[in-house]
Each structure stands twice: as structure tokens, then as C-alpha cells.
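Notes follow once the structure below has been shown.
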Amino acid sequence: VGASDVTSLLQGPTGSGKEVLARLTHDFSPRRDGPFVPVNCAALPEELAESLLFGHLKGSFTGATRDTEGFFRQAHRGTLFLDEIGETPIDTQVKLLRVIENGEFTPVGESNHMKTDVRIIAATNKDLSDLVDKKLFRKDLFYRLKTVTINSPALRDRLEDISLLVERFALEFTRSNDISYRGFMPEAIKILKKQEWNGNIRELKNFVESILVLEKGQRISPDMI
Numbered sequence: 264v265g266a267s268d269v270t271s272l273l274q275g276p277t278g279s280g281k282e283v284l285a286r287l288t289h290d291f292s293p294r295r296d297g298p299f300v301p302v303n304c305a306a307l308p309e310e311l312a313e314s315l316l317f318g319h320l321k322g323s324f325t326g327a328t329r330d331t332e333g334f335f336r337q338a339h340r341g342t343l344f345l346d347e348i349g350e351t352p353i354d355t356q357v358k359l360l361r362v363i364e365n366g367e368f369t370p371v372g373e374s375n376h377m378k379t380d381v382r383i384i385a386a387t388n389k390d391l392s393d394l395v396d397k398k399l400f401r402k403d404l405f406y407r408l409k410t411v412t413i414n415s416p417a418l419r420d421r422l423e424d425i426s427l428l429v430e431r432f433a434l435e436f437t438r439s440n441d442i443s444y445r446g447f448m449p450e451a452i453k454i455l456k457k458q459e460w461n462g463n464i465r466e467l468k469n470f471v472e473s474i475l476v477l478e479k480g481q482r483i484s485p486d487m488i
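Using this note's numbering, the first residue of the sequence shown is number 264, and each one after it goes up by one.
This is the structure we're talking about:
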């Protein structure tokens, strides 16, 4: 998927690594030297969503004290990662579809269209088809985003990855924090593989960092887990 400019949709629960996959897709693309701009759509205030995405002109609304370029201009010739796309206000979805279709958008307060050259990767932890049925997400935008759909499974569905992930997180954390690392005992890893990990890979990463701080310099045993 990375080698083409195809729009793609990442589906999976929170904390399963969707942004990591999006960054990898960008890194394997011809746009790798361009910007990678992540946007958390769930954090966009409805009244400012269009301004943040498309930019605005000075004086276009109260508080607009200067011209501001939006995320689409910041991502020009790169990749725009729209995380939690299902949270996007319905009115903004219309304008998202337009810019994905033809690269055109209109900043708030501007009368002329502007062009941008971006690749779109979207992600969601929700069932977008269900949101479409409930009239909370536009059907045309849904089908445009899911040109290629990539599933990011929950950690409980990929337990064989736990030992690799633990080793990676442990090495990164101990090196950056100058902590000696003596590894995890095999029995300790077996215990980790029996956990639910409802927070997925993000929860595992936080757990690894926590136990390495608490048991500084020690080989991690089952009792410590």
C-alpha cells in the first residue's frame, strides 16, 4: 500500500498501533521526504474543525487575528493522517470528501479555492458502516476512504507478538533512561500472554516501562509481574 498514493482506512481498537502503521505507510511511500501530519479528529472542536483543517483568513471570525494555514496545507506533498475519523462533524465531512476527490478546499473567510497535494490515511476504532446506517457518517466519504482497508488487531488476538513488543519497548526505554536491562524471564512473558490487555499495545508499553522503573536493573521475574 505504501508505494502507491491510494487512500486507506485503518480499523482497530484504541491502542492497537494504527498511527504506527500509518507512519510506516508514509515511510514506504514516495512521499517519505514530505511531512507526516497526524490529526486527532476527536479533539477538533466542532466550531473550529474547518478552520483547523483548511485554515482561515485574518478577521474571518472572532479571534482570527492572523491568517492561519490548516492541516491540509501543512501536509502538502506529504501524508495527512486523520485519526478517529468517525468523530468528524457531519458538515465537515462534505468538505473532506471534496478535498480527497480533487485536492481542492476553501479556507474559512476565503472565496477562492486552493489546491493541495496530500495522501490521506484515516483511522477509526468504530464501525463506520454502522455510523453510516445511523446517518452519523456520510456514505460517499466512507466508500472513498476505504479504497484499501487495513485491520489492526487487538493485542489479545496477536499474543505471539508480546515477547517481541516487550523486548522492543524495554530496550528503547532503558537506553533512553540510562537503566541497566537484564531482560524478562520466559515465565514472566508467559504470564503477560495470559492477560486481557484491554488497552492493547499502548497498555503493554506503559506496563513494561512501569515495571522497569519499579524493579530498576533487575531481571524481571514472574513474582515481579
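Using N, Cα and C, we set each Cβ at its ideal position, and we do this for glycine too.
Quiz item: Could you give the distance in angstroms between the alpha-carbon of Glu-309 and the alpha-carbon of Pro-352?
Solution: Position 46 of the sequence shown, counted from the first residue, corresponds to residue 309. Position 89 of the sequence shown, counted from the first residue, corresponds to residue 352. If I take the Cα positions, the gap works out to 6 angstroms.
Quiz item: Mind checking whether Asn-414 and Gly-275 have CB atoms under 9 angstroms apart?
Solution: For this step, residue 414 is matched to residue 151 along the sequence shown. For this step, residue 275 is matched to residue 12 along the sequence shown. Between Asn-414 and Gly-275, the C-beta gap is smaller than 9 angstroms, which places the two residues in contact.
Self-check item: Closer than 9 angstroms to chain B by CB, Asp-420
Solution: Reference to chain B is not applicable here, since this structure consists of a single protein chain.
Quiz item: From what residue to what residue does the alpha helix (DSSP H) around Ala-285 run?
Solution: One-based indexing of the sequence shown puts residue 285 at position 22. Start and end: 281–290.
Exercise. Assign Ala-305 to buried or exposed, taking buried as 16 or more other Cβ atoms, counted over all protein chains shown, within 10 Å of its Cβ.
Key: On the sequence shown, residue 305 is found 42 positions in, with the first residue counted as 1. Result: exposed.
Quiz prompt | Where Glu-367 sits in the DSSP three-state scheme | solution = Position 104 of the sequence shown, counting from 1, holds the residue named residue 367. In this structure, Glu-367 counts as strand in the three-state DSSP scheme.
Quiz item: Could you give the distance in angstroms between the alpha-carbon of Asp-396 and the alpha-carbon of Pro-301?
Solution: Here residue 396 is taken as the residue at index 133 of the sequence shown, counted from 1. Here residue 301 is taken as the residue at index 38 of the sequence shown, counted from 1. Those two C-alpha atoms are separated by around 27 angstroms.
Quiz item: Got a sec? Which residues, its chain only, sit under 7 angstroms from Lys-409 by beta carbon, not counting five neighbours each side?
Solution: If you number the sequence shown from 1, residue 409 lands on position 146. Excluding positions up to five away in sequence, the list reads Leu-272.
Quiz item: Just curious, the beta strand (DSSP E) that Asp-346 is in, first and last residue?
Solution: Residue mapping note: residue 346 aligns to position 83 of the sequence shown, counting from 1. Bounds of the beta strand (DSSP E) holding Asp-346 are 341–346.
Self-check item: Completely contained alpha helix (DSSP H) runs for the region 454–482, where each covers 4 or more residues
Solution: Every alpha helix (DSSP H) stretch that sits fully inside the region 454–482 and reaches 4 residues is listed by chain position as 463–477.
Quiz item: With a Cβ-Cβ cutoff of 9 angstroms, do Asp-346 and Ala-312 count as a contact?
Solution: Start at 1 with the first residue of the sequence shown, and residue 346 comes out as number 83. Start at 1 with the first residue of the sequence shown, and residue 312 comes out as number 49. The beta carbons of Asp-346 and Ala-312 sit no closer together than 9 angstroms.
Quiz item: Looking only at C-alpha atoms, which of Asp-268, Asn-440, Gln-458, Arg-465 sits nearest to Gly-480?
Solution: The sequence position of residue 480 within the sequence shown is 217, counting from 1. The option with the nearest alpha carbon to Gly-480 is Asn-440.
Quiz item: Should the region 332–340 be regarded as contacting the region 371–381, the criterion being three or more beta carbon pairs within less than 8 angstroms?
Solution: At 8 angstroms Cβ cutoff, the stretches touch.
Practice problem: Select from Val-357, Glu-350, Ala-327 the residue whose C-alpha is nearest the C-alpha of Glu-373. | Solution: By 1-based counting over the sequence shown, the position of residue 373 is 110. Nearest Cα to Glu-373 within the set Val-357, Glu-350, Ala-327: Ala-327.
Exercise. Could you give the DSSP three-state label for Thr-331: helix, strand or coil?
Key: Taking the first residue of the sequence shown as 1, we reach residue 331 at position 68. Correct three-state label for Thr-331: strand.
Practice problem: Below 6 angstroms CB to CB, which residues in the same chain sit around His-246 once its five sequence neighbours on both sides are set aside? | Solution: Missing from the structure shown is residue 246; the chain here goes from 264 to 488 and no further.
Exercise. Please list the segments of the alpha helix (DSSP H) lying wholly inside the region 383–447, counting only runs of 4 or more residues, in order along the chain.
Key: For secondary structure counted as the alpha helix (DSSP H) over 4 or more consecutive residues, the region 383–447 holds these complete runs in sequence order: 391–396, 402–408, 425–439.
Exercise. For the alpha helix (DSSP H) holding Phe-317, just list the boundary residues, first then last.
Key: Here residue 317 refers to the residue found at position 54 of the sequence shown. Following the DSSP letters along the chain, one finds Phe-317 inside the alpha helix (DSSP H) bounded by residues 312–317.
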